[in-house]
Structures are given as C-alpha cells and as structure tokens.
Amino acid sequence: MVVAVVFVLIVVGSVVFHFLSPWWWTPIASNWGFIDNTILITFWITGAVFAAVVLFAAYCLWQFRHRPGHKADYEPENKKLENWLMGLTAVGVVAMLTPGLFVWSEFINVPAHASEAEVMGQQWQWAYRLPGADGKLGRTDTRLVGSDNPYGIIPDDPNGGDDVLIEADYLHLPIDKPVKMLLRSTDVLHDFYVAEFRAKMDMIPGSVTYFWFTPTRTGQFEVLCAELCGTGHPYMRGGVVIDTQEDYDAWLAGQQTFAQLYAPEVTKTAELN
Amino acid sequence: MVDATHGHDAHAAEFPDAELYHPRSWWTKYVFSQDAKVIAIQYASTALAIGFVALALSWVMRMQLAFPGFLEFVDANAYYQAITVHGMVMVIYLITALFLGGFGNYLIPLMLGARDMVFPYVNMLSYWTYLLAVLVLVASFFAPGGPTGAGWTLYPPQAILSNTPGQQAGIILMLVSLILFVIGFTMGGLNYIVTVLQARARGMTLMRMPLTIWGIFIATVMAMLAFPALFVACVMMLFDRLLGTSFFMPALVEMGEHLSYGGGSPILFQHLFWFFGHPEVYIVALPAFGIVSDLISTHARKNIFGYRMMVWALVIIGALSFVVWAHHMYVSGMNPWFGFFFATTTLIIAVPTAIKVYNWVLTLWRGDIHFTLPMLFALGFIVTFVNGGLTGLFLGNVVVDVPLSDTMFVVAHFHMVMGVAPILVIFGAIYHWYPKVTGRMLDQTLGLIHFWITFVGAYLIFFPMHYLGIMGVPRRYFESQDISFLPPSAHDLNVFITVCALIVGAAQMVFVFNLIWSIRHGKPAGGNPWRATTLEWQTPETPPAHGNFGRELPVVYRWAYDYSVPGAAEDFIPQNQPGGAPPHKEGSE
Ligand code: HEM
Ligand SMILES: [Cu+2]
Ligand SMILES: [Cu+2]
Numbered sequence: 002m003v004v005a006v007v008f009v010l011i012v013v014g015s016v017v018f019h020f021l022s023p024w025w026w027t028p029i030a031s032n033w034g035f036i037d038n039t040i041l042i043t044f045w046i047t048g049a050v051f052a053a054v055v056l057f058a059a060y061c062l063w064q065f066r067h068r069p070g071h072k073a074d075y076e077p078e079n080k081k082l083e084n085w086l087m088g089l090t091a092v093g094v095v096a097m098l099t100p101g102l103f104v105w106s107e108f109i110n111v112p113a114h115a116s117e118a119e120v121m122g123q124q125w126q127w128a129y130r131l132p133g134a135d136g137k138l139g140r141t142d143t144r145l146v147g148s149d150n151p152y153g154i155i156p157d158d159p160n161g162g163d164d165v166l167i168e169a170d171y172l173h174l175p176i177d178k179p180v181k182m183l184l185r186s187t188d189v190l191h192d193f194y195v196a197e198f199r200a201k202m203d204m205i206p207g208s209v210t211y212f213w214f215t216p217t218r219t220g221q222f223e224v225l226c227a228e229l230c231g232t233g234h235p236y237m238r239g240g241v242v243i244d245t246q247e248d249y250d251a252w253l254a255g256q257q258t259f260a261q262l263y264a265p266e267v268t269k270t271a272e273l274n
Numbered sequence: 058m059v060d061a062t063h064g065h066d067a068h069a070a071e072f073p074d075a076e077l078y079h080p081r082s083w084w085t086k087y088v089f090s091q092d093a094k095v096i097a098i099q100y101a102s103t104a105l106a107i108g109f110v111a112l113a114l115s116w117v118m119r120m121q122l123a124f125p126g127f128l129e130f131v132d133a134n135a136y137y138q139a140i141t142v143h144g145m146v147m148v149i150y151l152i153t154a155l156f157l158g159g160f161g162n163y164l165i166p167l168m169l170g171a172r173d174m175v176f177p178y179v180n181m182l183s184y185w186t187y188l189l190a191v192l193v194l195v196a197s198f199f200a201p202g203g204p205t206g207a208g209w210t211l212y213p214p215q216a217i218l219s220n221t222p223g224q225q226a227g228i229i230l231m232l233v234s235l236i237l238f239v240i241g242f243t244m245g246g247l248n249y250i251v252t253v254l255q256a257r258a259r260g261m262t263l264m265r266m267p268l269t270i271w272g273i274f275i276a277t278v279m280a281m282l283a284f285p286a287l288f289v290a291c292v293m294m295l296f297d298r299l300l301g302t303s304f305f306m307p308a309l310v311e312m313g314e315h316l317s318y319g320g321g322s323p324i325l326f327q328h329l330f331w332f333f334g335h336p337e338v339y340i341v342a343l344p345a346f347g348i349v350s351d352l353i354s355t356h357a358r359k360n361i362f363g364y365r366m367m368v369w370a371l372v373i374i375g376a377l378s379f380v381v382w383a384h385h386m387y388v389s390g391m392n393p394w395f396g397f398f399f400a401t402t403t404l405i406i407a408v409p410t411a412i413k414v415y416n417w418v419l420t421l422w423r424g425d426i427h428f429t430l431p432m433l434f435a436l437g438f439i440v441t442f443v444n445g446g447l448t449g450l451f452l453g454n455v456v457v458d459v460p461l462s463d464t465m466f467v468v469a470h471f472h473m474v475m476g477v478a479p480i481l482v483i484f485g486a487i488y489h490w491y492p493k494v495t496g497r498m499l500d501q502t503l504g505l506i507h508f509w510i511t512f513v514g515a516y517l518i519f520f521p522m523h524y525l526g527i528m529g530v531p532r533r534y535f536e537s538q539d540i541s542f543l544p545p546s547a548h549d550l551n552v553f554i555t556v557c558a559l560i561v562g563a564a565q566m567v568f569v570f571n572l573i574w575s576i577r578h579g580k581p582a583g584g585n586p587w588r589a590t591t592l593e594w595q596t597p598e599t600p601p602a603h604g605n606f607g608r609e610l611p612v613v614y615r616w617a618y619d620y621s622v623p624g625a626a627e628d629f630i631p632q633n634q635p636g637g638a639p640p641h642k643e644g645s646e
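Residue numbers (the working numbering), protein chains in the order written: chain A, 2 to 274; chain B, 58 to 646.
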C-alpha cells in the first residue's frame with residue numbers, strides 16, 4: 002500500500018520538478034524553434050501517458066490489495082479493450098512522428114540561397130573556412146594536410162585560393178542569413194554542437210557532413226564537441242559569434258585567405274609529390 | 058551425456074533419469090558440472106561479481122562529476138576507462154549473462170519440464186568460455202596502459218589511436234574478450250533454443266509456455282542473429298589494430314603525423330555495432346518482460362492479461378528491433394534520408410511495447426495483490442520502464458534527437474530503460490526464485506530496505522539527469538562545470554545525483570549480505586512458497602535434484618496462469634494438475 006502512495010508521489014514530484022526546477026534549455030538562437038516545439042509536444046503526450054499509467058497502477062494497488070477473503074477475477078483476455086488501447090497508442094505515436102518527420106525534412110533540405118561555412122575538427126581544436134569571394138570552397142584531401150597546408154586544400158583547385166581560413170577559436174556569422182555548415186575531421190570522430198542552435202552533427206574523417214540553420218540572435222555561443230574523441234574531448238571548445246551584417250563585414254575584412262597565408266609553400270610541396 | 062541413439066519415437070525429454078549424465082566426483086559435480094542448474098549458479102555468481110566492479114566504477118565516475126579532484130587518481134584517462142568498462146560490463150557481462158546464462162539455464166529446463174539442457178557438455182563449455190572472457194577483460198586493468206577508454210561503443214578511428222587510453226593493450230584485450238563472449242554465448246544460446254523447441258514436457262505446447270520462457274527464448278534467437286555482427290566488427294577492428302588493415306580507418310593525420318591507414322569507413326563500424334547493439338537492448342529487455350509478467354501474475358494471484366497478445370508482442374518486438382538500429386546514428390553523419398525510415402520503424406515498436414505495459418497494469422486490475430518482495434520489484438520495474446520507454450520516443454523521433462543526442466538526456470534515458478528497469482527485474486527474480494535454488498527465503502526486512510533505497514534512489518538519480526541533457530550537457534564529459542551556458546545550480550544537481558548514487562550503491566551491499574546470510578539462516582521455504590503454478594515449483598525436491606523431476610517427468614494439462622480460477626479449491630492450479638479444460642478459450646494448439 003505504501004507503494005501506491007509512492008507511485009502518486011513519483012508522478013506529482015516529477016510534474017512539479019518539470020515545471021518548477023530551474024533547469025531547462027538555453028534560450029534559442031536559431032530558426033530551429035520547430036525542434037523545441039516538437040519536444041514540447043512529445044513532453045505533453047509522454048507526460049500524460051506516464052501519469053495515466055502510473056496513477057492507474059497506484060489505484061489498482063490500493064483498491065485490489067490483498068485482504069482476507071479477497072479473490073482475484075479471472076479474465077484472460079478482452080479483445081475489445083486491447084484493440085482500443087492499441088488504436089489510441091497508434092494515434093499518439095502518429096501525433097508525435099508526423100510533426101517530427103516534417104521538421105526533419107526541413108532540417109536536411111538546405112535552402113538554395115544558404116551560404117557555406119566549413120568547420121574542421123582535429124584533436125582537440127576547431128578551425129573554420131569560408132568560401133571567399135567566389136562563394137565556393139576549394140576541395141580538400143586529408144592526405145595533403147601538413148604545416149604548410151593545415152586544411153589539406155587541393156592546390157590546383159581554383160576555388161581554393163580565396164578561401165578564408167580562420168585558425169582561431171571563434172567563427173563569425175551574420176544574423177538572419179541561412180548557412181550550411183560543412184563538417185569534416187582530419188583524425189577521429191568529433192561533433193560540432195552549439196546548444197543554442199539546437200543542432201549538432203558528427204564529423205567523420207574522410208567525409209563531409211552538414212547541417213544548416215539561420216542565426217536569429219546576436220551574441221557569442223559556445224561550441225562543444227559532442228562525440229568522444231579521446232582524452233581531450235571535454236576540453237575541445239570553440240565559439241560562434243553571431244554579428245549584425247556591419248560587424249560581420251568588418252570582421253571578415255580582417256581575415257586572410259589561403260593564398261595569402263600558404264599558397265607559395267603549398268605549390269612547392271605539391272610539385273615535389 | 059544423454060544417449061542420443063536411444064528412444065524410437067519417445068519424446069526427447071522423456072529419457073529416464075538413469076540415462077542422464079551423472080557426475081562422478083566433486084569436481085564434475087560442482088565445478089566442471091554439466092547440470093544446467095549448477096551452470097546457472099556459476100553464470101549468475103560470475104556476472105554479479107563482475108557487476109560489482111562496474112558498480113564501483115560508477116561511484117568513481119559520479120565522484121568525479123560532483124567533486125572533481127577529490128579522488129586524486131581519477132584523471133581524464135581514468136574517467137574514460139571507467140565509463141567504458143562500466144558500460145560494457147553492465148550491458149554485456151552482467152545483464153546479458155545473468156538473464157540468459159543465469160536465469161535461462163536455471164529456468165528453461167525446470168519450467169518446461171525437462172531434465173536438463175539438450176547439450177549439457179556444450180553448455181558447460183559456454184560457461185567456461187564466458188569466464189575466460191571476463192578474465193581477459195579484467196586482465197586489461199593490469200596490462201600496460203590499462204583498459205581501453207574508447208567508450209562502450211568502441212568507435213573507430215579513435216578506439217585504436219594513441220590519444221585514447223588503453224591503446225597499447227586495453228583495446229586488444231577488450232576485443233578478444235568480446236569475441237570470446239560471443240563464442241561462449243553462442244554455445245549456450247544454441248542450447249536454449251533447441252531445448253525450448255525440442256525438450257518440452259508432454260502437453261507443454263508453445264502457447265502454454267510461461268512468458269519467462271518466451272522472453273528468454275526470443276531474446277536468445279535475437280542474440281544468435283545479432284552477436285555475429287559484433288563478432289565480425291571486433292575481428293575487423295582487431296585486424297586494423299594489429300595487422301594494419303583499414304576496414305574502419307580512412308586516411309588520417311594524428312597530431313600532425315600521417316598514419317598509414319586509408320580507404321576504410323568509420324561509419325561501417327557504427328552500422329555493425331548498432332546492428333548488434335540495438336537488438337542487444339531488447340536482448341536484455343525481453344527476458345525482463347517475460348519474467349516480470351510471471352512475477353506480476355503470480356503475486357497478484359491473477360492470470361496475465363492478454364497472454365496471446367503478450368507472446369505476439371514479444372515476437373514482433375524481436376523482429377522489428379532488427380530494423381531500427383540506425384536510430385543510434387541520426388547525427389552520425391550517415392545519409393540523412395535514412396532518418397525517415399528509422400524514425401518510423403522506431404516509433405512503430407512503441408505500439409507493441411505499450412501493449413505490454415498496459416497488460417501488466419491490467420493484470421493488477423481486480424487482482425489480489427500481495428506486496429511481496431518480487432512484486433515490489435516488479436512494480437518498480439513498471440515505473441522505471443514506462444519512464445525510460447517514453448523518453449525513448451524523444452530520441453527515436455529523429456529531429457527531436459538532434460539536440461538531445463550525445464547529451465546526459467541519453468545517459469538518463471538508457472539507464473532508466475535498460476539499466477535500472479532490467480536490474481529491478483533481476484532483483485525481483487532473485488527474490489522470487491532464491492527459495493527454489495536454496496530452499497530458503499531471503500530475509501524480508503533486508504529485502505525491503507534494499508528495494509526502497511534502490512527503487513526510489515535510482516529514480517532520483519536518473520530522472521533529474523534528463524534535465525542536464527536538456528540544458529545541453531554532453532555525455533562522456535570528464536568535467537562540465539565550465540560550460541558557459543550552465544547555471545551554477547547545475548552543479549548542485551550533479552552533487553545531488555552523486556549522493557543518491559552512493560547511497561544506492563551501498564544498498565547493494567545489503568543485498569549481497571542477504572544472499573549469503575540467508576543460505577543458512579533464511580526461513581525454510583518449502584517447495585512452493587509463492588503457491589505458483591509453473592513446473593519449477595512442482596519438483597519433488599527443493600532445491601531440485603539432478604534430473605529435476607525424480608522418476609517421472611511432469612505432464613502438462615493447462616497454461617501457466619490458472620490463478621483464482623472460479624470454482625477451484627485453491628487460488629492456483631499447477632500446470633501439471635489434470636482436470637477439466639480450463640474455462641478460458643486457449644489458443645488453438
Ligand atoms: C546506480 C547505478 C549506476 C550509476 C550511478 C551509473 C552511472 C554512470 C555514469 C556516471 C556514466 C557515465 C556518464 C558519462 O559521463 O557519459 C555511465 C555510463 C554508462 N552506464 Fe551506468 N550507472 C549505473 C548503472 C548502470 C547499469 C545498470 C547499466 C546497464 C545497462 C549501465 C550502463 C551504462 C552504459 C552503457 C554507459 C555508457 C558508457 C559510455 O558512454 O561508453 N549503468 N553510468
Ligand atoms: Cu572532438
Ligand atoms: Cu570530442
């Protein structure tokens with residue numbers, strides 16, 4: 002019988018904790034409010050089911066506890082009830098899955114006018130690259146990575162020379178412009194994660210992965226690595242700064258391109274190979 | 058060994074007792090035994106012993122998260138070694154081995170009315186191979202560089218590179234140990250499957266089997282299909298590490314140095330791992346589902362509600378769980394179009410799973426509920442499993458997983474659903490069957506202390522943990538205090554969780570004490586203390602002797618759930634009691 006009371010306390014306690022505790026997500030800074038909404042829908046549905054099941058169980062425990070002379074019913078099946086429950090569950094599942102899949106299709110289909118920005122992970126730091134004046138990133142190959150070509154940009158690719166290289170912890174991006182983040186790694190798995198953007202994606206050596214978002218709030222946001230990448234994993238931090246267009250342009254003007262930083266040396270080694 | 062040439066069309070299980078293998082010495086009786094009951098106890102004790110190592114490691118991790126620097130020997134290396142060994146041991150060497158090797162071995166022959174497993178010698182080898190696997194894993198603590206810290210998922214390339222602890226020997230020993238585990242498990246698993254299919258007592262149709270056996274049976278079939286994926290993944294990674302092949306290794310630069318790998322695919326490993334890993338979740342869940350059904354039914358003195366639906370739900374969950382594996386990989390960088398497929402299959406599994414939950418609760422409805430220890434643990438399971446199952450709907454719904462994946466939300470979710478919930482069933486099952494194994498009851502007061510601290514404590518550990526993940530704290534973080542967006546109060550939450558974890562851990566010592574103390578001092582149990590219907594409670598001797606059922610094997614006349622049958626003299630009718638057809642319309646078999 003104590004169990005029945007504890008069950009009720011668990012439901013009440015969990016609901017109270019959910020609404021009153023100070024621990025909740027960070028204020029959002031991207032267009033992915035849809036994701037937050039889907040989480041909220043899921044919270045409501047699953048919360049209701051949790052409360053219903055546990056409270057019903059608590060009621061049964063109280064009502065049908067053993068007492069002398071008490072005997073249980075004998076009811077092996079009840080097809081009608083079972084079918085109803087199955088149907089209701091299916092409805093709940095569809096109510097969560099449908100918005101989820103719509104938002105997922107938003108998430109993976111990048112708008113045509115999105116600009117590109119590349120993030121490169123290596124134990125245990127981040128580096129960034131922007132496409133430069135031509136709007137295109139030069140192709141890369143991990144095998145070319147070296148001190149004279151830290152990004153492994155293929156030297157003959159004409160798109161590469163004007164790529165803006167940001168070998169610093171912070172990447173700047175302009176507000177309200179959709180951007181496709183291209184993610185790659187030169188050593189192990191990493192994961193580019195900014196809590197305020199509600200997005201993350203693993204980075205895999207040898208491939209380029211992506212996600213896109215539109216920043217909606219200026220400010221500085223911490224980048225965390227969210228895929229175990231060796232002992233330095235929790236210390237692999239960086240940042241994204243969302244600027245107004247003017248601030249962004251000013252920052253960009255101060256950055257250097259691949260050609261300015263490395264080109265002569267690169268050509269030399271490329272010939273030697 | 059059973060003489061296989063015997064018996065023309067005699068039922069396989071009906072070899073007279075005399076033809077069973079009989080141990081001749083103390084060694085073959087208690088050590089190299091071929092009796093499934095002894096093997097079960099060996100499996101269970103080994104699993105519990107190594108499980109305590111995993112528990113101790115969880116203390117180490119929780120201390121670090123709440124009081125960084127307090128344990129001086131815990132640096133980032135040690136932390137990653139701890140999570141890896143903790144995770145791997147808990148999932149595979151403890152829970153899988155205990156459910157299938159422990160309960161499977163003990164209960165399959167007894168509940169089905171068989172004398173033993175059909176291949177007793179192979180069964181014995183299964184245990185010794187498992188023990189070897191455990192020892193190899195333990196050896197990595199003493200190897201140079203210590204055990205691997207690659208995370209229990211062992212993702213390459215990182216798992217075999219030098220910035221991961223245990224790169225020297227730990228990872229090799231881990232892979233070898235897993236390979237051994239799969240070999241040992243396959244020998245046991247074949248046994249369980251063939252025994253269920255071939256050695257059931259006369260009258261024990263499939264649709265009369267207790268759900269415990271159904272759960273163990275389906276889980277074993279799944280394991281037979283899933284473990285090979287782990288096996289090949291381990292072999293291939295071993296080759297990458299030792300022979301320099303590149304199955305999983307693309308060209309890469311480690312700390313400025315070009316390694317000689319090239320052309321392999323890290324994602325391939327993830328597919329193989331989760332093709333095993335997802336079914337593995339259900340391999341630990343299905344035996345729990347089965348056992349908990351029987352605990353609830355027995356202690357509520359009421360038939361399990363919707364038996365046929367329960368069986369089909371197990372089968373469907375087992376089958377579907379082979380087409381959902383990539384829901385662990387939504388943010389792995391695999392082709393994002395997979396997301397639609399895997400989110401849909403994953404949420405479909407919620408339906409048969411929910412049905413099981415409804416049927417457990419509906420079994421309580423109009424029952425005659427005895428709050429025995431097994432019942433309490435079963436009830437604890439319902440709460441934690443429902444909670445963890447529901448948070449699974451967040452993570453399965455691909456886009457919702459994006460912010461939550463790889464955060465403490467995931468850690469909270471899987472602990473609730475595949476950590477705490479099955480462990481509560483394991484405890485419940487031990488309190489339930491210990492009287493059969495030893496002839497004595499476990500102490501009630503100690504059991505109540507154990508139950509309340511474990512159940513409430515575990516909920517307090519893992520429920521609030523979800524909110525750390527919602528805030529954005531990644532998992533596998535040696536330190537998280539300096540994350541810029543966290544309020545300082547987040548650390549208070551971590552301290553609270555750690556305090557609860559220490560208390561819950563300590564309560565397990567009460568349990569161990571109870572296990573040992575009650576062997577001699579527990580109340581004598583008699584043959585059928587719970588007044589249960591299934592065959593293991595109808596043995597002539599308790600603990601059951603070699604051969605289980607004395608001179609004659611039982612014959613089964615009814616399903617396993619004839620509790621509180623209207624008009625019956627007692628509130629239970631054993632399966633082997635002849636009598637009129639039970640009033641319910643049983644399946645066509
Ligand atoms: C009171 C009991 C337990 C406590 C306090 C506990 C605590 C922890 C902690 C602190 C972590 C590391 C979290 C991180 O930094 O990412 C962890 C990881 C893990 N635990 Fe537990 N745990 C407990 C029981 C269990 C059980 C019963 C299981 C069985 C399924 C389990 C399976 C795992 C797994 C698979 C991991 C992931 C390891 C990895 O990230 O590679 N734990 N646990
Ligand atoms: Cu990283
Ligand atoms: Cu990392």
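The beta-carbon is built from N, C-alpha and C at its ideal position, and this holds for glycine as well.
In the three-state DSSP reduction, Tyr516/B falls in the helix class (H, G or I). Relative to ligand 3, Met237/A has its C-beta within less than 7 Å of a heavy atom. In the three-state reduction of the DSSP assignment, Gln221/A falls in the strand class. In the structure shown, Ala308/B falls within a coil segment according to DSSP collapsed to helix, strand and coil. For Glu228/A, the distance from the CB to the nearest heavy atom of ligand 3 is below 7 Å. Residue pairing for Ile243/A: DSSP places it in a beta bridge opposite Leu174/A, Gly220/A.
If you keep only unbroken alpha helix (DSSP H) runs of at least 4 residues inside the segment 268-319 of chain B, you get 268-299. By the C-beta density criterion, Arg68/A is exposed, having fewer than 16 other C-beta atoms within 10 angstroms.
Under the criterion of beta carbons closer than 8 Å, Ser378/B and His328/B do not qualify as touching, at roughly 15 Å. At a C-beta separation below 9 Å, Tyr364/B has these neighbours in chain A: Pro77, Glu78.
Sequence-ordered contacts of the segment 613-626 of chain B with chain A read Tyr618, Tyr620, Ser621, Val622, Pro623 [C-beta pairs closer than 8 Å]. Distances from the CA of Val372/B to each of Ile324/B, Ser462/B, Tyr415/B, Gly272/B were compared; the closest alpha carbon is that of Gly272/B. Annotation note: the segment 27-90 of chain A contains no uninterrupted beta strand (DSSP E) run of length 3 or greater.
The segment 542-553 of chain B makes no contact with the segment 237-246 of chain A, as fewer than three CB pairs between them are under 8 Å. Residues of chain A whose Cβ lies closer than 7 Å to the Cβ of Glu311/B are, in chain order, Asp188. Chain-order list of chain B residues neighbouring Tyr171/A: empty, with the shortest C-beta distance near 13 Å, by a criterion of under 9 Å. Look at Asn444/B: its C-beta is under 8 Å from a C-beta on chain A.
One finds nothing in chain A with a Cβ atom closer than 8 Å to the Cβ of Tyr87/B; even the nearest lies about 39 Å away. Secondary structure note for Gly445/B: its alpha helix (DSSP H) is the uninterrupted segment 430-453. With fewer than 16 other CB atoms across the displayed protein chains lying within 10 angstroms of its CB, Ser541/B is exposed. Tyr100/B and Asp132/B have their alpha carbons spaced roughly 33 Å apart. Using a cutoff of 7 Å, the CB of Leu122/B counts as near ligand 1, since one of the ligand's heavy atoms is closer than that.
In terms of beta-carbon proximity, Lys94/B stays away from the interface with chain A, with every pair separated by 8 Å or more. Judged by DSSP secondary structure, His356/B falls within the alpha helix (DSSP H) whose first and last residues are 323-356.
Non-local C-beta neighbours of Pro581/B in its own chain, meaning closer than 7 Å and more than five positions away in sequence, comprise Gly496, Arg497, ordered along the chain. Annotation for Met528/B: Leu543, Ala547 place their beta carbon closer than 7 Å to its own, counting only its chain and skipping 5 residues before and after. Nearest neighbour of Val513/B by Cα position, chosen from Val457/B, Gln501/B, Gly453/B, Leu433/B, turns out to be Leu433/B.
Between the segment 330-345 of chain B and the segment 276-289 of chain B, the count of Cβ pairs shorter than 8 Å is three or higher; the stretches touch.
Within chain B, the residues whose beta carbon sits less than 8 Å from that of Trp24/A are Pro521, Tyr524, Leu525, Ile527, Met528, Pro544, Ser546, Ala547, Leu550, listed in sequence order.
For the segment 26-48 of chain A, the set of residues with a beta-carbon nearer than 7 Å to any beta-carbon of chain B comprises Trp26, Thr27, Ile36, Thr39, Ile40, Thr43, Thr47, in chain order.
The three-state reading of DSSP puts Cys557/B in helix, counting H, G and I together.
Using a CB distance below 7 Å, the part of the segment 397-427 of chain B facing chain A consists of Phe397, Ala400, Thr401, Leu404, Ala407, Val408, Ala411, Ile412, Val414, Tyr415, Val418, Leu421, Trp422, Arg423, Gly424, Asp425, Ile426, His427, ordered along the chain. Residues of the segment 119-133 of chain A with a C-beta atom less than 9 Å from some C-beta of chain B are Gln123, Gln124, Trp125, listed in chain order. Closest in alpha carbon position to Leu247/B, among Phe304/B, Val179/B, Phe130/B, is Val179/B. For His191/A, the CB falls within less than 7 Å of some heavy atom of ligand 3. In this structure the segment 393-413 of chain B lies against the segment 445-457 of chain B, because at least three pairs of beta carbons, one per stretch, are closer than 8 Å.
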